[in-house]
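Down below is the structure, laid out as structure tokens.
4 protein chains.
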Amino acid sequence: MGEVDAPTETAPGWLSPDTLELVRAHVPLVYIDAVPVRVDAVGRVTEIGMLLRVAADGTISRMVVSGRVLFGERVRDALMRHLEKDLGPLALPRLPADPTPFTIVEYFPDPDRSGFHDPRHHAVSLAYVVPVDGDCQPTQEALDLAWFSCAEADSPAVREQMTGGHDRLIRLALAHCGELP
Amino acid sequence: MGEVDAPTETAPGWLSPDTLELVRAHVPLVYIDAVPVRVDAVGRVTEIGMLLRVAADGTISRMVVSGRVLFGERVRDALMRHLEKDLGPLALPRLPADPTPFTIVEYFPDPDRSGFHDPRHHAVSLAYVVPVDGDCQPTQEALDLAWFSCAEADSPAVREQMTGGHDRLIRLALAHCGELP
Amino acid sequence: MGEVDAPTETAPGWLSPDTLELVRAHVPLVYIDAVPVRVDAVGRVTEIGMLLRVAADGTISRMVVSGRVLFGERVRDALMRHLEKDLGPLALPRLPADPTPFTIVEYFPDPDRSGFHDPRHHAVSLAYVVPVDGDCQPTQEALDLAWFSCAEADSPAVREQMTGGHDRLIRLALAHCGELP
Amino acid sequence: MGEVDAPTETAPGWLSPDTLELVRAHVPLVYIDAVPVRVDAVGRVTEIGMLLRVAADGTISRMVVSGRVLFGERVRDALMRHLEKDLGPLALPRLPADPTPFTIVEYFPDPDRSGFHDPRHHAVSLAYVVPVDGDCQPTQEALDLAWFSCAEADSPAVREQMTGGHDRLIRLALAHCGELP
Chain A
1 MGEVDAPTET APGWLSPDTL ELVRAHVPLV YIDAVPVRVD AVGRVTEIGM LLRVAADGTI
61 SRMVVSGRVL FGERVRDALM RHLEKDLGPL ALPRLPADPT PFTIVEYFPD PDRSGFHDPR
121 HHAVSLAYVV PVDGDCQPTQ EALDLAWFSC AEADSPAVRE QMTGGHDRLI RLALAHCGEL
181 P
Chain B
1001 MGEVDAPTET APGWLSPDTL ELVRAHVPLV YIDAVPVRVD AVGRVTEIGM LLRVAADGTI
1061 SRMVVSGRVL FGERVRDALM RHLEKDLGPL ALPRLPADPT PFTIVEYFPD PDRSGFHDPR
1121 HHAVSLAYVV PVDGDCQPTQ EALDLAWFSC AEADSPAVRE QMTGGHDRLI RLALAHCGEL
1181 P
Chain C
2001 MGEVDAPTET APGWLSPDTL ELVRAHVPLV YIDAVPVRVD AVGRVTEIGM LLRVAADGTI
2061 SRMVVSGRVL FGERVRDALM RHLEKDLGPL ALPRLPADPT PFTIVEYFPD PDRSGFHDPR
2121 HHAVSLAYVV PVDGDCQPTQ EALDLAWFSC AEADSPAVRE QMTGGHDRLI RLALAHCGEL
2181 P
Chain D
3001 MGEVDAPTET APGWLSPDTL ELVRAHVPLV YIDAVPVRVD AVGRVTEIGM LLRVAADGTI
3061 SRMVVSGRVL FGERVRDALM RHLEKDLGPL ALPRLPADPT PFTIVEYFPD PDRSGFHDPR
3121 HHAVSLAYVV PVDGDCQPTQ EALDLAWFSC AEADSPAVRE QMTGGHDRLI RLALAHCGEL
3181 P
């Protein structure tokens, strides 16, 4: 999520802290959100994967895969990069053939602006549901990755572990797949 | 495509020729169309699969996977049944997590009604793009299965091998995946 | 919803009770569901319209506009016919430019098959959200038409007035429009 | 399209030329593309509107409505702002109830990167089809607004008047509406 995971400050697309601050103060950033799912033999969603990590607001929260699209990067490549970074190199994400997000999420510093909140910036995020077939090993900043049934993912117990509107994003993803209880 | 491939006339969902004629004269049928595709590591469509078979109008044509949804059958199950029937048991179709078709195709006995034509009946078809990972062996009535690049699939040479509007369906599928040239 | 509203038994597309029963026993029917909404100046959904009427299961329920696609009828024409029949001739429905439903709803006589239930038949329904600009006057079989805010439409009080899965359909429609609470 | 149409350099969201250059060199910008259409009584697209204006590459070209999403601005508000700026205050655009774009367009300074090209920057654009009901009067930088039938809009004569991939965007929009010839 943060620039702290840049391999070096001079890698293409990565910004110095000063430049990032300047950019964040002036334009919305392009983000992606990817909801990892397990599917059955006929493609129906059976489980939703959620990371446990330090959210943008400083709380330890359940979250989906989320991150910035870099300068010069295709959206598909950004999706794959963030999925592999967060779920590990053996997750085998299956990006949809259709490049259109199932919804767009508008994150604002003001929590009341859209219901989606990021204290750091205004971001317009393209949201995807991504089946993963392989073995997921949360890497880097994530403390844990857990899988929830569709009913659990929309339960109060799980929803209250999410911040910034990610619980609502999960509901939109479930609805998109026809699996909202 | 036809009732000729019913294992027996008494299998659930299958109709006697008389009943099928009666139904066809009175209501639109529910159909599915599935466009088989090969995708690369980031999910982009690289090739379109098309069967060579006897079309509803009697011509030998390039076609996508197409067929009826049976009484009591889920749409996902109908998709999987027709894909396995036409591409063989090792095709490994990956049905999308999202149950919504990318377009609907309205086939009419009158070729001018919608641009999609089936001389046998009025059918409303739910159309899907389906990545297939495995080994495809066209079975039953198909004479051949060939894979075309996105540019080839929309070329005049291939388009003129299709009837009933299937060339247009291919274009809609390519556009949906952002790959229409 | 029923064939009782056929002007005469010989109108094109309408079926005699015997033929309808025969068809219903053998094939899924093609249906449409239309969720009427009011939108604000920038197109956001502000209210959901729901009819009060006798549902297929005999209860008096809150419902969306729903009905059969007739033989020879385009889906757009079926949508408009049912919207005008249920909301009156001055409702001014605005059908979307995109013919793709936001979801498909599979109604089965068995209530546990998909979560969507119609005791009369198996139907595959194409579901649309339709902004209506004009004056709605529920006609024919509807007892009432009421408008609910997005939060009200998803509240327990309203949900328990719905049967057959229509409460879930409302939630899918709200999610599709980004307005699910 | 350009910052030249900023009312003043200090309006919220507008950037000084230096800041804009800095941003463009480091992150993709969030854009919207809106394809204005005329629809008939049942919502089918009958005509596509295209502006004649100086494109980003300096040529006088046929274009759709396109522009940046400002810091703090909702996507719907950006769409409405650009539509009113380009089509005039009486155009009465009807934004869809669904906030999801029909496709995303990735513009790169390198014309071969995605097939969509903008020499000034990398932009990720959310593309919408927007019916307009009212009287369109192209304003500001546009030289002309013309309406084309679906067949004309996809004809070689019109396509060669477009640059940067806008001809392909038109084809994707037509396909999305089921009207690609």
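Chains as they are written, first to last, in our numbering: chain A, 1 to 181; chain B, 1001 to 1181; chain C, 2001 to 2181; chain D, 3001 to 3181.
Glycine included, each C-beta is placed from N, C-alpha and C at the ideal position.
Computed from a predicted structure; not experimentally measured.
Unbroken beta strand (DSSP E) stretches of 3 residues or longer found wholly inside the region 21–62 of chain A: 29–39 and 45–54, given in chain order. In this structure, D:Arg3068 is the residue among D:Gly3165, D:Thr3103, D:Arg3068 and D:Val3132 with its C-alpha nearest to the C-alpha of leucine 3015 of chain D. Cβ neighbours of tryptophan 2147 of chain C within its own chain (closer than 6 Å, five residues either side excluded): Glu2047 and Gly2049. Considering only beta carbons, the part of the region 2083–2096 of chain C lying closer than 8 Å to chain D consists of Arg2094, Leu2095 and Pro2096, in chain order.
By the neighbour-count definition (other C-beta atoms within 10 Å, threshold 16), glutamate 179 of chain A is a buried residue.
The DSSP-derived three-state label of histidine 1176 of chain B is helix. Judged by beta-carbon spacing, phenylalanine 3102 of chain D lies beyond the 9 Å limit of histidine 26 of chain A, meaning their Cβ atoms are not closer than that value. Sequence-ordered contacts of the region 2026–2045 of chain C with chain B read His2026, Val2027, Pro2028, Leu2029 and Val2030 [C-beta pairs closer than 9 Å]. Proximity of chain B to methionine 50 of chain A at the Cβ level (cut-off 9 Å) is not reached, the minimal Cβ distance being about 16 Å. Below the 8 Å Cβ cutoff, chain B contributes Ala1097 and Asp1098 as neighbours of valine 129 of chain A, in chain order.
Proximity of leucine 3079 of chain D to chain C, defined by a Cβ-Cβ separation below 9 Å, is satisfied. Within chain A, no residue has its beta carbon less than 7 Å from that of glutamate 3179 of chain D; the closest one is some 18 Å off.
Comparing alpha-carbon positions, the option among D:Pro3119, D:Ala3175, D:Ser3155 and D:Leu3083 lying closest to valine 2042 of chain C turns out to be D:Leu3083.
Only Arg1168 from the region 1148–1169 of chain B bring a Cβ to less than 9 Å from some Cβ of chain D. Contacts with chain C at 9 Å (Cβ-Cβ) include arginine 3076 of chain D. Distance from the CA atom of aspartate 2135 of chain C to the CA atom of arginine 94 of chain A, rounded to whole angstroms, is 47 Å.
By the criterion of a C-beta distance shorter than 6 Å, alanine 3091 of chain D is surrounded in its chain by Val3132, Gly3134 and Cys3136, once the five residues flanking it on both sides are discounted. For proline 2096 of chain C, same chain residues with a beta-carbon under 7 Å away, outside a window of 5 residues either side, are Tyr2128 in chain order.
Just so you know, the alpha carbons of serine 2066 of chain C and alanine 2034 of chain C end up roughly 6 Å apart. Around isoleucine 2104 of chain C, the beta-carbon contacts reaching into chain B at under 8 Å are Val1075, Pro1099, Thr1100, Pro1101 and Leu1126. Rounded to the nearest whole angstrom, the CA to CA distance from methionine 2063 of chain C to alanine 2157 of chain C is 14 Å. Boundaries of the beta strand (DSSP E) around aspartate 2144 of chain C: 2144–2149. If you draw a straight line from the Cα of proline 1181 of chain B to the Cα of alanine 3173 of chain D, it comes to about 13 Å.
By the rule that beta-carbons nearer than 9 Å mark a contact, histidine 2117 of chain C does not touch chain D. Cβ contact annotation for valine 3023 of chain D (same chain, cutoff 8 Å, sequence separation greater than five): Leu3015 and Leu3029, in chain order.
None of the residues of the region 2133–2145 of chain C has a beta carbon lying less than 8 Å from any beta carbon of chain B. Contact of arginine 68 of chain A with chain C is not assigned, every C-beta pair being separated by 9 Å or more. Apart from sequence neighbours up to five positions away, the residues of its chain that approach alanine 78 of chain A with a beta-carbon distance below 6 Å are Ile32 and Val69, ordered along the chain. DSSP assignment within the region 2101–2157 of chain C yields the following whole alpha helix (DSSP H) runs of 4 residues or more, N-terminal first: 2150–2153. In this chain, arginine 2068 of chain C is not harboured by any alpha helix (DSSP H); it is covered by the beta strand (DSSP E) spanning 2065–2068.
Look at proline 3093 of chain D here: in three-state DSSP terms it is strand.
Among the CB atoms of chain B, one or more fall inside 9 Å of the CB of arginine 3171 of chain D.
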